[in-house]
């Protein structure tokens, strides 16, 4: 497959954008990528490590010749960026994004785009606990899923080209409507992150157990939570504020189940606990079989 | 360091016992290890893979010559095993265990042991999501912590020898009283496991999102929970039933914090969320620096 777009602009130069850059170059070095970050320090790092063919000092310069413009900024500022770039986009260009919520992004971005560009929102379901321009790597999207979320009236060819683009940088793809997308990610990503943040906060706060005890004895389970609770705070604040309804729905279900299990512990209902714990093993097997995780013990972490 | 015990008996042949066997042999092949499992099928597998120098068909035969007897069975049956082996222990032998709770094990086991043996409870803080006799490996305890929890009147030399034993198979060690132990593990292990089980159960149950969606899109956070939610159901049922108070206390604190964060989402209090998410990053850094986890993205999982 040839490069679906000749010129690509990345707005925001964090984990996802930098991984997209390296993955695009892996697929076809001839693609020309411009990049922009609000912070001068980030732009300096990008220039230093060769991230993007040109790092620009203005949004207008970044986007004006691009065939594809990808918004890789926190969900809460996508509307502002769209307002700024809207008047300067090339006719026929495609605007996309990598935000973890979709309805709120569509509501914020769509009104600012001229009618002669295509808007095709997307969400690559991949990430690590690291952030910033140095954190990207070409393999991030390999065998992960990118959800393409067309808006009403999206041009079929523009949707197909963006789909081909994500496939070219390693992803599997699926199409989904915004509402369902926001519920799916509330379950698979947003609620788990909030729960992990909460558990780590509780451990940090508990006066009777010291932080060094929590840290030293974390290998018995706790440390798995800390990985995702180390993710970028600004990004996650915006995710929760912009996917309120679905996240609160899932957290409501979670609390209900947790109370039922707490009650089983309090009343000594061992059968309820055993049945519940047996059922959850099947989901793990499914994830291994789908190639979405490793079966090596401890995720294949080496003993140190 | 020479082998602290010449003859060791392992009761129960799951992940921990089988890892102890391979770690003992790595340290000093001359140690003689007998093993017993209630299930004939498990004993057959142990014989087939060379797990233990002798796999015995009775508890009495397993323990009668041993200098160290280690109970590696679920917490809920340790009292029964102690009652059965008590009259057959060698004078001067040490009895220990690897249970994840300590006060309940002490209450269940101590009354059955004769006065001429030493009882020194212990808890290796290491594990994987796999179980059974085939799941063990010699490196499981390397640089992990084993908590030694002496009982009132424990012989100082017996405590020291058991401590040396755990060091000889790779562990760091610390001493702790039973009550504090049970609280520390409620935070670092028991509550996180229950929370992971709950989240996986909720995802499995949610009619509007299919299991295949949960599985395919799990890389965005959810899959980290599924690893520990795949752990042995019987072991974990017994853990929760035998560490009720501390687990319920931590879950109470957890729910309180979770409600506060849910409220911040509902009211749009972004500062509260951002502050909370920033604080939790420090704990993660501590765990990396203490060598209890890897800093490689995704735990160093390879893309597949």
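Residue numbers (my numbering), protein chains in the order written: chain X, 1 to 304; chain F, 1 to 304.
For every residue, glycine included, the Cβ atom is placed at its ideal position computed from N, Cα and C.
If you're wondering where the values come from, they're calculated on a predicted model, not measured in any experiment.
Identify every run of the alpha helix (DSSP H) within the stretch 99-128 of chain F, keeping only runs that are complete inside it and at least 4 residues long; order them along the chain. Here the runs fully enclosed are 103-109.
Pairing CB atoms from the stretch 171-190 of chain X with CB atoms from the stretch 115-127 of chain X, are three or more of them under 8 Å? The stretch 171-190 of chain X vs the stretch 115-127 of chain X: in contact.
Buried or exposed: residue 49 of chain F, going by 16 or more other Cβ atoms within 10 Å of its Cβ? Locating residue 49 of chain F in the second chain gives position 49, where the first residue counts as 1. Looking at its Cβ environment, which holds fewer than 16 other Cβ atoms inside 10 Å, residue 49 of chain F is exposed.
Please identify, using Cβ separations under 7 Å, the residues of the stretch 201-223 of chain X that lie next to chain F, in order along the chain. For the stretch 201-223 of chain X, the residues whose beta carbon sits under 7 Å from a beta carbon of chain F are, in order, 201, 202, 203, 204, 206, 208, 209, 211, 213, 214, 215, 216, 217, 218, 219, 220, 221, 222, 223.
What residue ranges within the stretch 161-234 of chain X form continuous beta strand (DSSP E) runs of no fewer than 3 residues, ordered along the chain? The beta strand (DSSP E) runs of length 3 or more contained entirely in the stretch 161-234 of chain X are, from start to end of the chain, 172-175.
Other residues of its chain near residue 112 of chain X: CB distance less than 6 Å, five sequence neighbours each side excluded: Along the first chain, one-based indexing puts residue 112 of chain X at 112. Counting only Cβ-Cβ distances below 6 Å, and skipping sequence neighbours, we find 82, 83, 86.
Can you tell me the Cβ-Cβ gap for residue 133 of chain F and residue 96 of chain F, rounded? I've got them flagged as a contact below 8 Å. Along the second chain, one-based indexing puts residue 133 of chain F at 133. Along the second chain, one-based indexing puts residue 96 of chain F at 96. Contact flag wrong, Cβ pair sits at about 20 Å.
Spell out whether any CB of chain F is found under 9 Å from the CB atom of residue 157 of chain X. Here residue 157 of chain X refers to the residue found at position 157 when the first chain is read from its first residue. Not one chain F Cβ lies under 9 Å of residue 157 of chain X.
Coil, strand or helix - residue 130 of chain X by DSSP: Numbered from 1 along the first chain, position 130 holds the residue referred to as residue 130 of chain X. Three-state DSSP puts residue 130 of chain X in coil, outside helix and strand.
Please confirm if residue 99 of chain X has its CB atom under 9 Å from at least one CB of chain F. By one-based count along the first chain, residue 99 of chain X stands at place 99. So, not an interface residue.
Bridge-paired residues (DSSP) for residue 96 of chain X: Translated into the one-based positions of the first chain, residue 96 of chain X becomes position 96. The partner list for residue 96 of chain X (beta bridge, DSSP) reads X:70.
Does the contact criterion of 3 or more C-beta pairs under 8 Å hold for the stretch 198-210 of chain F versus the stretch 36-48 of chain F? The stretch 198-210 of chain F is not in contact with the stretch 36-48 of chain F.
Around the Cβ of residue 179 of chain X, are there at least 16 other Cβ atoms within 10 angstroms (buried) or fewer (exposed)? Taking the first chain and counting its residues from 1, one reaches residue 179 of chain X at position 179. Note on residue 179 of chain X: under 16 other CB atoms within 10 angstroms of its CB, so exposed under the neighbour-count rule.
Anticipated Cβ contact below 8 Å, residue 183 of chain X with residue 251 of chain X, distance rounded: Residue 183 of chain X sits at position 183 when you count from the first residue of the first chain. Residue 251 of chain X sits at position 251 when you count from the first residue of the first chain. Between residue 251 of chain X and residue 183 of chain X the Cβ distance is about 13 Å, and since that is not below 8 Å, they are no contact.
What residues of chain X sit near residue 193 of chain F, judged by a beta carbon separation below 7 Å? The residue given as residue 193 of chain F occupies position 193 in the second chain. Within 7 Å Cβ-Cβ: 221.
Determine, using beta carbons only, whether residue 29 of chain X and residue 165 of chain X come nearer to each other than 9 Å. Here residue 29 of chain X corresponds to residue number 29 of the first chain, with the count starting at 1. Here residue 165 of chain X corresponds to residue number 165 of the first chain, with the count starting at 1. Not closer than 9 Å, so no.
Residues of chain F with CB closer than 7 Å to the CB of residue 317 of chain X, please, in chain order. In the structure displayed, chain X extends from 1 to 304; residue 317 of chain X sits before or after that span and is not available.
Chain F contact for residue 270 of chain X (CB, 9 Å cutoff): In the first chain, the residue the question calls residue 270 of chain X occupies position 270. At a cut-off of 9 Å between beta carbons, residue 270 of chain X contacts chain F.
Exposure of residue 152 of chain F, with buried meaning 16 or more beta-carbon neighbours within 10 Å: As a working mapping, residue 152 of chain F is identified with position 152 in the second chain. With a threshold of 16 other beta carbon atoms within 10 Å, residue 152 of chain F falls short and is exposed.
Between the Cα of residue 233 of chain F and those of F:66, F:222, F:131, spot the shortest distance and give me the residue it belongs to. In the second chain, the residue the question calls residue 233 of chain F occupies position 233. Comparing Cα-Cα distances from residue 233 of chain F to each of F:66, F:222, F:131, the minimum goes to F:131.
Could you please give the first and the last residue of the uninterrupted beta strand (DSSP E) stretch that includes residue 32 of chain F? Translated into positions along the second chain, residue 32 of chain F becomes position 32. Per DSSP, the unbroken beta strand (DSSP E) holding residue 32 of chain F starts and ends at 32-36.
Contacting residues, own chain, Cβ-Cβ under 7 Å from residue 304 of chain X (five flanking each side not counted): Position 304 of the first chain, counted from the start, is the residue given in the question as residue 304 of chain X. For residue 304 of chain X, the predicted model reports a pLDDT of 40, less than 50, meaning its position is unreliable and no value from the coordinates is stated.
Evaluate residue 171 of chain X with the Cβ neighbour count: other Cβ atoms within 10 Å of its Cβ, from every protein chain shown; 16 or more gives buried, anything less gives exposed. What you label residue 171 of chain X is simply residue 171 of the first chain in a count that begins at 1. A buried status is given to residue 171 of chain X, since no fewer than 16 other beta-carbon atoms sit within 10 Å of its beta-carbon.
Beta-carbon contacts of residue 26 of chain X that lie in its chain and below 7 Å, excluding the five residues immediately before and after: Within the first chain, residue 26 of chain X is the residue found at index 26, counting from 1. Answer for residue 26 of chain X: 138, listed in chain order.
Taking beta-carbon pairs under 8 Å, can you tell me which members of the stretch 117-129 of chain F lie near chain X? Near chain X, meaning a CB-to-CB distance below 8 Å, the residues of the stretch 117-129 of chain F are 125, 126, 127, 128, 129.
Own chain partners of residue 73 of chain F with C-beta closer than 7 Å, once the 5 adjacent residues on each side are dropped: Mapped onto the second chain, residue 73 of chain F falls at position 73. Taken in chain order, the residues that qualify are 11, 12, 81.
Under 7 Å between beta-carbons, which chain X residues line up against residue 24 of chain F? List them in chain order, please. As a first step, residue 24 of chain F must be located in the second chain, where it is residue number 24. Correct list: empty, because the minimum Cβ distance to chain X is about 16 Å.
Pull up the DSSP beta-bridge partners for residue 56 of chain F, would you. By one-based count along the second chain, residue 56 of chain F stands at place 56. BP columns for residue 56 of chain F are empty, so no partner.
So does the stretch 229-245 of chain X actually touch the stretch 263-276 of chain F, counting three or more Cβ pairs closer than 8 Å? The stretch 229-245 of chain X vs the stretch 263-276 of chain F: in contact.
When Cβ atoms are compared, which residues of the stretch 275-293 of chain F fall closer than 7 Å to chain X? Cβ contacts with chain X come from 276, 277, 278, 279, 280, 281, 283, 284, 286, 287, 290, 291, 292, 293.
Contact set between residue 244 of chain F and chain X, taken where Cβ atoms lie within less than 9 Å: One-based indexing of the second chain puts residue 244 of chain F at position 244. Within 9 Å Cβ-Cβ: 265, 266, 268.
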